[in-house]
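Protein sequence lines correspond, in order, to chains R and A. Quick note: the first sequence uses my numbering, first residue 30, plus one each step. Quick note: the second sequence uses my numbering, first residue 25, plus one each step. Heads up, the beta-carbon is just placed ideally off N, CA and C, and yes, glycines get one too.
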Amino acid sequence: MRLQDIVRGLEEGNRRALARAITYVENDYPEGKEIMKRVFKKTGNAHVVGITGFPGVGKSTTVSKLVQKFREKGRKVGVVAVDPGSPFTGGALLGDRLRMEGLDVSKNLWLDPGVFFRSMSSRGRAGGLAAKTGDVIRLLDAFGFDVILVETVGAGQSEVDIVEVADTSIVVMMPEMGDDIQINKAGILEIGDIYVVNKADLGGAEKTVKWLKSMIMMDQEAVEILSKTSHADEYAVESGEIFERMKRSSDWTPPIITTVADRGEGIDELVDAIEKHFNHLKSSGKLKERRVRRISREVFSIITEEIRNILINEKGGSFREVVEMVVNNEIDPHTAAERMIRDLRTNT
Amino acid sequence: MERKIRVLVAKVGLDGHDRGAKVVARFLRDAGFEVIYTGLHRTPEEVAMAAVQEDVDVVGISLHSGAHMTLVPKVMRYIEEYGGDLSEMVILVGGIVPEDDIQKLKEMGVDGVFIPGTPIERIIDFIRKRVPEKKRGEKAKA
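As C-alpha cells, then:
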C-alpha cells in the first residue's frame, strides 16, 4: 500500500489502511512518521482508557466486556493490547485477542465494524507499554474511535507508563493478592483513577476492597499533610506526575468497583465510573492540564532521541573519542558530556 | 531494525484440538516471531478479520477436523473480502491433511502444509524464507 492510499484509506474508514499504518508506525518506518504528521490534526477527540494490573487478574476479559458495553451505547471502540516481547529472542505470544468474547453471542466483537483490535508486543521495553503505543492510540483516535481501551502487559509493581497515554487509568486487582502492606506499596497502586476488584466471587474480595479504600483515604490525607509542610513545593517538583495525580483526589475520589468480568457482573458500574471520570476531567479543566503535561514530555523525549541520533551518527567520531578518554581515566563522564554539549552548541 | 514477522495462529471450526497450535505458537515465539493466538472455535470470518486488523505476515490455520477443504478457502476468501492482500500474506495449514488434499490446497494458494510429525524447525525455516520471498514478489508486480 502506498502512503497516499493509506492516508486516504484512514480518512475513508478503511480498516486495512489503519492496520498497515499501525505496522509502519510500530516499526518506526519513515512512512509512519509521515502518516502521523498528516493525521495529527484529527486526533484529540477520543477518550483513552488504560487498563493495567498484575498478570492473570482479568484485564483482557474486562476489556472485552467493556467493548461490548460501549458498543451497546453506540460508541466506536479501538483496542490496543500490549503483551510482553522477549528481551532475549524478540519473540512474543500475544494472547489478549482470544479473550474477546461478549456476553451476547449474537453480537460478534471480532467482526463488528465499530471495533478494531490490535495486539502489540512491548518489544522488550519496561514500563508496561510498547515504545509506539502512544502513536498507535493516535492513529485509532484519528480514525474516529470514541473510546480507545489500552491494555498494558501484566504489570509488576512499577510499570506505570499507562498514565503517560491514558486519560483514565484503571487498575485491576483480584482477591488474595497480598495484604494491606502490598496495597500501600508505591507504584502501580498509586495511579488508579478507578480501581477494580475482579473475580469478586472468590473469597477475600471484601478485604481487598477495604484495604484499597483505606489506601485511597490515606492518599488524600498524605496530600493534605504534604501540602502543609514547609517544602511542599519540592514534593510537587520531585514526584511530579504522581503528586499531581494524588492532588486530583481532592476532587475525585477513585471509586472501587467489584466485578466478575467473565460473567459481566459490575461492568455497567465500571462503564459509569469511566464516563463519570471523563466528564470530571473535562469539566474541571484537568483533561487539558494532563494533556499539556503529556505532550511536553513527549516532545521532550523526541528531542532527547534526536540528540542521541545526532551524537551517534553525525558526531559519532568525537563521541567515541570522549568515551575512550573516560575509559582511559583521562577525564570523567561529566566532563565528557560537557565537551559533547559544547560541541553540539557550536556546530549546529 | 528488521521488521518483526507477525504470525496469526488460528483454530477454525468445531475442532477442539489445540495442543498442536499452542505448541507451534510457543516455538514460533521462541524463534523471535510475534505470534497472535486466536483461541478455539473461530469462524473463517473471524480469522480473516483478525489477520487483516493485526496486519500479519503469516496466517497459520490449524485443523484436525477434516474440514480443511471447506474452511481454508473460506478464510482466504474473507481475507480478500476484508481488504487483505493474499499476494503478500503467507498462508500455512497445519494438522491432519491427506496427501491428495495437500496438493489441492497448494493449488488454491496455500504456501505450506505441515502434517503431524513435522519437525518445528522446518516450519520456522519455511516462514523465514517464504515471508521475504512473497514480499519481494509483491514488489516485482508493482
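- Each of A/I148, A/R152 and A/G118 was checked against the Cα of A/P140, and the nearest Cα belongs to A/G118.
- Contact between R/P204 and R/G233 is confirmed by a C-beta separation of about 4 Å, below the 8 Å threshold.
- Proximity of chain A to R/N43 at the Cβ level (cut-off 7 Å) is accounted for by G107, in chain order.
- For R/G85, no Cβ of chain A is located within less than 9 Å of the residue's own Cβ.
- Not flagged as an interface residue toward chain R: A/E145, since no C-beta distance is shorter than 9 Å.
- Bounds of the beta strand (DSSP E) holding A/E58 are E58 to Y61.
- Listed along chain R, the residues sitting closer than 7 Å to A/R27 by beta-carbon distance are N56.
- Note on geometry: alpha-carbon atoms of R/N43 and R/V356 lie some 54 Å from one another.
- With contacts defined by Cβ atoms closer than 9 Å, A/K28 and R/S150 form a contacting pair.
- Taking the Cα positions, R/E250 is about 40 Å away from R/G103.
- Taking a 10 Å sphere around the C-beta of R/Q97, we find 16 or more other C-beta atoms and assign the residue as buried.
- For R/T288, there is no enclosing beta strand (DSSP E), as DSSP marks it with neither H nor E.
- Contact between R/S198 and R/G183 does not hold, since the beta-carbon distance rounds to 16 Å and is not under 8 Å.
- A Cβ-Cβ distance of about 4 Å is found for the pair R/K105 and R/G143, placing them in contact under the 8 Å criterion.
- Counting only unbroken stretches of 4 or more residues, the alpha helix (DSSP H) elements lying wholly within the stretch 160–236 of chain R are 162–172, 191–194 and 209–212, in sequence order.
- The beta carbon of R/H306 sits closer than 6 Å to those of T197 and D222, all from its chain and outside the five residues before and after it, given in chain order.
- Residue pairing of A/R30 in beta bridges, as defined by DSSP: A/E58.
- Residue contact with chain A for R/R126: present (Cβ-Cβ distance below 9 Å to some residue of chain A).
- A direct Cα-Cα distance of roughly 11 Å separates R/T52 from R/D164.
- With the rule of 3 Cβ pairs closer than 8 Å, the stretch 79–86 of chain R counts as touching the stretch 167–180 of chain R.
- For A/R50, the C-beta contacts it makes with chain R under 9 Å involve L122, in order along the chain.
- Chain R places no beta carbon closer than 9 Å to that of A/G161, leaving this residue out of the contacts.
- Secondary structure within the stretch 109–169 of chain R: not one fully enclosed alpha helix (DSSP H) run of 4 or more consecutive residues is present.
- A/K35 sits in a strand when the DSSP states are folded into three classes.
- Along the stretch 100–120 of chain R, the positions whose C-beta sits under 8 Å from a C-beta of chain A are G114, S115, T118, G119 and G120, read in chain order.
- Taking 9 Å as the threshold, the shortest C-beta distance from A/D79 to chain R falls below it.
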